[in-house]
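Residue numbers (full-length UniProt numbering), protein chains in the order written: chain Y, 1 to 209; chain H, 1 to 209. Even for Gly, the Cβ is constructed at its ideal location relative to N, Cα and C. Down below is the structure, laid out as structure tokens.
There are 2 protein chains.
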Amino acid sequence: MATNSERLLRTDAARNAERILRSAREVFAESGPDAQLDEIAQHAGVGIRTLFRRFPNKAVLAKAALEQGISECIAPVIEQALLDDDPLLALNSVIDAAMSLAAREHNTLAAARNAGAVISDAIGPYYASLTLLTRRAQEAGRIRADLVPDDMPRIMAMLFSLLWTMDPASDGWRRYLSLILDGLSPAAATPLPESVPLRPSPRPGNWPI
Amino acid sequence: MATNSERLLRTDAARNAERILRSAREVFAESGPDAQLDEIAQHAGVGIRTLFRRFPNKAVLAKAALEQGISECIAPVIEQALLDDDPLLALNSVIDAAMSLAAREHNTLAAARNAGAVISDAIGPYYASLTLLTRRAQEAGRIRADLVPDDMPRIMAMLFSLLWTMDPASDGWRRYLSLILDGLSPAAATPLPESVPLRPSPRPGNWPI
DNA sequence: TAGCAACAGGCAGTTGACTGCCACTTGCAT
DNA sequence: ATGCAAGTGGCAGTCAACTGCCTGTTGCTA
């Protein structure tokens, strides 16, 4: 039995959930971030009630869909990066992969954002790997030593947010990645102010986001 | 007569619009970013129909409310900054003022974001001043020479987006401002990739945001 | 100061996110 | 293979954003 909050789904249910997420990504890509949940359910071949049973609201659905996309494109890159000799290049390759995915699926990203999801959470599943890669780069003296693990998801969230200010298909975000990397270099560094915890208060109210 | 798209409002109408914006800021602050437009209209003492006549949707309303807040807190700071001897300190004071406002009125910011508004636009009215301050800092050799005017609103949008990843009341964003300022320094700079235009395509669809 | 264009706002209606109810189906443990 | 917990999905309903219509009011101009 599953003691955890994360219950095991029956195989058909898990398959449906997977299908809904994939459907969401496709429909968002096709019809924009305002696409209706009805359409997503229909495209997935399930009833709307099933969609809502699995994903309590649009924010959760869109964020989960984004996570699915990120997983698919980042998992192999992370694996490769962990083997890389050059830790800075390794870190870079992960950021690059995440940004490419975010740009490619910017409609899903927009849906998540508009529904009020906290985008940096979508990096959650790769937090540990990202931390490890960061630490390696620090130990190699390639990036400043006063970075903490929480910095990476935030930096990626900042980069994601750039996509609204430009044609998402362009790689204009590279300019700002470059800027930030200059800031990450061990050379220029004025000491950083302390870090505050990642989203300590789930926001007044009761959002299941 | 007003030939422009920006027609002059009758004095009573202008007063109402002003009131609606102030009401929006108050109600968002009080009831959170999901506050209903009904409540905002009521709190402003106007009918809901009047609210919608002036602001076609929640995104426009929230962005306008945010702009009102930014104007109030930034206008005097800009004026002061333009007189400042130290151009980097001057630029900093403006960023500081904007971030303080954004943190203080994070519910209005959240409402704008959730409704799909492009936050960097809210800096629009101060684009020129910001450009001037930036250029001065460049000429004084205090920040890298390859920055362009479009960079500033984007950097501010990035900083704004940090507020979702932390307690908005904290000043945790300063850490990342510090990071970015290190990246802006003329010292470390690897040359930046080219800049792409700010939001060239108003996004497929027809959002009046 | 008269008269019109601009404005106000109630009311009823549409749409899309989301919920409760409930009868029907189906993995899967025994 | 069989029984039941888990999963499905139609239907009707709520709630909030938004619109059209239409009557009554008011700033402003001649």
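| Item | Value |
| --- | --- |
| Answer with yes or no whether the minimum CB distance from Y/Gly141 to chain H is below 7 angstroms. | no |
| Could you list which residues in chain H have their beta carbon closer than 9 angstroms to that of Y/Trp131, in chain order? | It is worth fixing the name first, because residue 131 of chain Y is Thr in this sequence and not Trp. Near Y/Thr131 there are no residues of chain H at all, since even the closest Cβ is about 16 angstroms away, more than 9 angstroms. |
| Within 10 Å of its beta-carbon, does Y/Ala64 have 16 or more other beta-carbons around it, so buried, or fewer, so exposed? | buried |
| Answer yes or no: does any C-beta atom of chain H fall closer than 7 angstroms to that of Y/Thr11? | no |
| Roughly how many angstroms separate the alpha carbons of Y/Leu198 and H/Asp167, rounded to a whole number? | 8 angstroms |
| Using a Cβ-Cβ cutoff of 8 angstroms, what residues of the stretch 94 to 120 of chain H are near chain Y? List them in chain order. | Ala110, Arg113, Asn114, Ala115, Gly116, Val118, Ile119, Ser120 |
| Check the C-beta distance from Y/Ile95 over to Y/Met156 and give it rounded, since I have them as a contact under 8 angstroms. | 7 angstroms |
| What number of angstroms, rounded off, separates the C-alpha of Y/Leu181 from the C-alpha of H/Gly183? | 7 angstroms |
| When the Cα of Y/Arg174 is compared with those of H/Ala137, H/Pro191, H/Leu132, H/Ser100, which residue comes out closest? | H/Pro191 |
| Can you name, in chain order, every residue of its own chain whose Cβ lies under 7 angstroms from the Cβ of Y/Met99, other than the five neighbours on each side? | Leu159, Trp173 |
| For H/Pro56, is the classification buried or exposed, using 16 other Cβ atoms within 10 angstroms of its Cβ as the cut-off for buried? | exposed |
| Does the distance from the CB of H/Leu91 to the CB of H/Leu133 come in under 7 angstroms? | yes |
| On a CA-only basis, which of H/Pro193, H/Phe52, H/Tyr127, H/Ala44 is nearest H/Glu67? Give me that one, please. | H/Tyr127 |
| Quick check: what's the CA-CA separation for Y/Glu18 versus H/Val27? | 39 angstroms |
| According to a CB-to-CB cut-off of less than 7 angstroms, which residues of the stretch 155 to 180 of chain H neighbour chain Y? | Ala157, Met158, Ser161, Leu162, Trp164, Thr165, Met166, Asp167, Ser170, Gly172, Arg174, Arg175, Tyr176, Ser178, Leu179, Ile180 |
| Any Cβ of chain H within less than 7 angstroms of the Cβ of Y/Ile209? | In this prediction, Y/Ile209 scores a pLDDT of 44, lower than 50, which makes its location untrustworthy; no coordinate-derived value is stated. |
| Considering only residues of the same chain and omitting the five flanking positions on each side of Y/Ser93, which have a CB-CB separation below 8 angstroms? | Val77, Gln80, Ala81, Asp84 |
| So, with DSSP's three-state summary, where would you put H/Ser23? | helix |
| Return yes when the Cβ of Y/Arg142 is within less than 7 angstroms of the Cβ of Y/Leu88, no when it is not. | yes |
| So, does the CB of Y/Val60 fall closer than 7 angstroms to a CB anywhere in chain H? | no |
| Would you verify that the beta carbon of H/Asn206 is, or is not, closer than 7 angstroms to some beta carbon of chain Y? | Low confidence applies here, because H/Asn206 scores a pLDDT of 39, under 50, leaving its location unreliable and the question unanswered by this model. |
| Just to confirm my understanding: we take Y/Pro186, look at its own chain, exclude 5 residues before and 5 after, and list those with CB closer than 8 angstroms. What are they? | Gly141, Arg142, Ile143, Arg144, Ala145 |
| Does Y/Ser201 get closer than 7 angstroms to chain H when you measure Cβ to Cβ? | Unreliable positioning characterises Y/Ser201 in this predicted model, as indicated by a pLDDT of 47, which lies under 50. The coordinate reading is nonetheless provided below. At least one chain H Cβ lies under 7 angstroms of Y/Ser201. |
| At a CB-CB cut-off below 7 angstroms, which residues of chain H make contact with Y/Pro193? | Arg174, Arg175, Ser178 |
| In chain H, which residues lie less than 7 angstroms from Y/Ala65 when you measure between Cβ atoms? | By Cβ distance, chain H contributes nothing, its closest Cβ being about 17 angstroms from Y/Ala65, past 7 angstroms. |
| For a cutoff of 7 angstroms on Cβ pairs, would you count Y/Ser185 as touching chain H? | yes |
| In whole angstroms, give me the CA-to-CA distance for residue 215 of chain Y and Y/Ala111. | Outside the modelled stretch of chain Y, which goes from 1 to 209, sits residue 215 of chain Y, for which no answer is possible. |
| Whose Cβ in chain Y lies nearer than 8 angstroms to the Cβ of H/Ala189? | Asp182 |
| Hey, which unbroken runs of the alpha helix (DSSP H) at 4 residues or more fall wholly within the stretch 97 to 185 of chain H? | 106 to 114, 127 to 139, 151 to 162, 173 to 184 |
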